[in-house]
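Listed in order, the protein sequences are those of chains V and X. Numbering of the first sequence is given in my numbering, commencing with residue 1 and proceeding in unit increments. Numbering of the second sequence is given in my numbering, commencing with residue 1001 and proceeding in unit increments. Scroll down for the structure; my scribbles are underneath it.
Number of protein chains: 2
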Amino acid sequence: MEQPNASMLVIGDELLSGRTQDANLHHLAKELTRIGVNLSEARFIRDDSKVIVSNIIELSKKFDYLFTSGGIGPTHDDITTDCVARAFDKKVSVRPDAFEILKKYYDRKGIELNEARLRMARIPETADLIENPISAAPGYIIENVYVMAGVPKIFQSMLKNILPKLKKGSPTFSISVKLFKGEGDLALELEKIVSAFENLNFGSYPFSEKGTYGTNIVIRGKDKNLITKAEEKVRALA
Amino acid sequence: MEQPNASMLVIGDELLSGRTQDANLHHLAKELTRIGVNLSEARFIRDDSKVIVSNIIELSKKFDYLFTSGGIGPTHDDITTDCVARAFDKKVSVRPDAFEILKKYYDRKGIELNEARLRMARIPETADLIENPISAAPGYIIENVYVMAGVPKIFQSMLKNILPKLKKGSPTFSISVKLFKGEGDLALELEKIVSAFENLNFGSYPFSEKGTYGTNIVIRGKDKNLITKAEEKVRALA
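Dropping the structure here:
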């Protein structure tokens, strides 16, 4: 079974100005890895229509999936939806299905569904809604693009709803071996092991904690038995 | 004075598989903002030579600066330097200046400068070294590309050394106004203020903490007096 690949587009000035630290990429990466989808690339871009549109077009063509975060709220700087519509040449307007969801939510809270909040019911034609159990305003799926909120709690709850719908790859297994030796002491012997196991992927990550230091060797692959064999070789480097 | 722009290339499978959470983008973003350099885009890519080379070429052409992190250690998966050399069509070999730095460091520690560690003295011809006060192995500057380590402590210390050398932009001032109202309640009035201050940039960021919720409005621009005037208008929305 082939491994689907994916990309992420993180939209928002606040992340590139250093105001906010993103948490969504790390979460998406973990979840996709778990279901065997390969996250190949992620891009952080500013709130600039032209840049957003061209990136949506490029990444949705290049990869099986594109996940976006940010820019679908009620304020003037939330321009993602208009950009998505432009990228796919679709009309965008307040959609009855999204309107109903927001109306119900704000009625129950006794809050007015004003013109600003109505912006969150503007969804490109033909898109399928993604449920938002936190604050109602939906995300949506158009072609292979999954448009989600930037607030981490909402991003995570939306992702939870769409993961079961994705085409899954065969799972990748991984094992991490912690060695209390520096990368420089391991590298040459490690390279021999890497050459001997062509179908596995080896990562080498130095660490230092509480005065000790060493290297985590991560072995990844599809074949559990092969990983176990490689693990024995790596443990022998200790 | 024109504002220089910049991009970042974060290299490493571990970040896209969810094994590790990046910290370097956030740090770079804050530091560049502080000196008036505009970080326009950041990309996370895998340890794949072809992808690394094409991104280095594209981003170094497109922006005034390109900063990279990751892939310059001693192991088989550290392929950034070969990719940088290929991108600029430069030869790469163990360079005497980098060799001296490593020799001195490892001699002092009583550790052998073996073949693997020597990989870290491989520097493309014509590149200028970036000092690494943590673990000696240098980064380097080639054309407008700044090649740095992925380990956050080392990345930060390298960045500290190069910041004074960068062309600075006029500083951008910013102020954040915390309002205990939802984005949906503020959006329409805020939009009027945004239209009235064309030379300023307004960001709207919802928050929720300890049962209360609200919105941070961030006003950014070059003109402090203008920001103060806009701030008054924004505070009046409370």
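Cβ coordinates follow ideal geometry from the N, Cα and C atoms, glycine included. Note that the structure is predicted; figures quoted are calculated from it, not measured.
The C-beta distance from X:I1045 to X:I1035 rounds to 26 Å, too long to fall under 8 Å, and the pair is not in contact. For X:K1178, the enclosing beta strand (DSSP E) has its first and last residue at 1173-1179.
Contact residues of the segment 36-47 of chain V toward chain X are L39, S40, E41, A42, R43, F44, I45, R46 (C-beta to C-beta distance below 7 Å). X:V1094 sits in a strand when the DSSP states are folded into three classes. The alpha-carbon of V:M148 is positioned some 44 Å away from that of V:L188.
By the Cβ-count criterion, V:S40 is buried, with 16 or more other Cβ atoms from all chains shown falling within 10 Å of its own Cβ.
Between the alpha carbons of V:P124 and V:T80 lies a distance of about 11 Å.
By the criterion of a C-beta distance shorter than 6 Å, V:F197 is surrounded in its chain by A230, once the five residues flanking it on both sides are discounted.
In this structure V:I219 is not in contact with V:S170, their Cβ atoms being roughly 17 Å apart against a cut-off of 8 Å. For V:E14, the closest of X:K1224, X:F1202, X:N1024 by C-alpha to C-alpha distance is X:F1202. With contacts defined by Cβ atoms closer than 7 Å, X:G1018 and V:K30 form a contacting pair. For V:S170, the closest Cβ of chain X is not nearer than 7 Å. Look at X:T1068: its C-beta is not under 7 Å from any C-beta on chain V. One alpha carbon belongs to X:D1047, the other to X:T1215, and they sit about 39 Å apart. In the three-state DSSP reduction, X:A1023 falls in the coil class, being neither helix nor strand. Taking a Cβ-Cβ cut-off of 8 Å, the neighbours of V:P206 in chain X comprise G1073, V1151, given in sequence order. Listed along the chain, the chain V residues whose CB falls inside 7 Å of the CB of X:F1155 amount to none; the nearest CB is some 13 Å away. Among the residues facing chain V, X:K1030 is included, as its CB has a counterpart in that chain under 7 Å away. Residue burial annotation: X:A1236 is exposed, with fewer than 16 other C-beta atoms found within 10 angstroms of its C-beta.
The Cβ atoms of V:H76 and X:V1194 lie closer than 7 Å to each other. Counting only runs of at least 3 residues, the segment 1135-1200 of chain X fully encloses the following beta strand (DSSP E) elements, listed from N- to C-terminal order: 1139-1142, 1145-1148, 1173-1179. V:F207 sits exposed, since fewer than 16 C-beta atoms from the chains shown fall within 10 Å of its C-beta. When DSSP states are grouped into helix, strand and coil, X:S1049 belongs to the helix group. Within the segment 1177-1190 of chain X, contact with chain V at the beta-carbon level (separation under 7 Å) is assigned to E1183, G1184, A1187, L1188, L1190.
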